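**Q** Residue numbers (this note's numbering): 506 to 641.
For each residue, glycine too, the CB sits at the ideal point set by N, CA and C.
Please read all numbers here as calculations on a predicted model, not as lab measurements.
#1: What first and last residue would you give for the beta strand (DSSP E) that runs through residue 597?
#2: Give the DSSP-derived three-state secondary structure of residue 510 in the structure shown.
#3: What residues in its chain sit with their C-beta under 6 Å from that of residue 537, if we drop five residues either side in the sequence?
#4: I need the straight-line Cα distance from residue 613 to residue 621, nearest angstrom please.
#5: Can you list, in chain order, the residues of its chain whose CB lies under 7 Å from that of residue 565, leaving out five sequence neighbours each side?
#6: According to DSSP, is residue 523 part of a helix, a strand, or is it coil?
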């Protein structure tokens with residue numbers, strides 16, 4: 506949910522009217538808020554993600570969204586496997602929008618506990634995504 510919250514704020518600042526949502530490929534945390542450490546880190550950087558809730562991806566997401574970004578390669582593979590036949594939704598790694606970082610996967614702060622590091626990378630990726638969408 507952090508990437509959703511950050512991207513929403515940056516898109517609004519850029520004057521873009523985007524539909525932004527987040528979903529996991531698994532059902533482990535469906536209905537739960539982001540972990541408290543990330544909520545605190547995000548709040549400290551000006552993002553309120555406390556009201557966001559986890560949900561699981563569904564086939565309808567491929568019809569609802571033009572672009573689906575994944576936080577890491579494993580999730581990208583899982584999303585590609587869920588993709589319905591004939592779906593034209595573009596799939597990308599979130600880090601595609603921040604090539605200057607040299608990073609392929611956004612580390613999961615739930616496991617690493619590096620909330621500020623993950624948030625900084627998410628902000629960089631979100632800024633690149635918003636810039637790309639603002640100037641296609």
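**A** Working from what's here:
#1: 595 to 598
#2: helix
#3: 559
#4: 11 Å
#5: none
#6: coil
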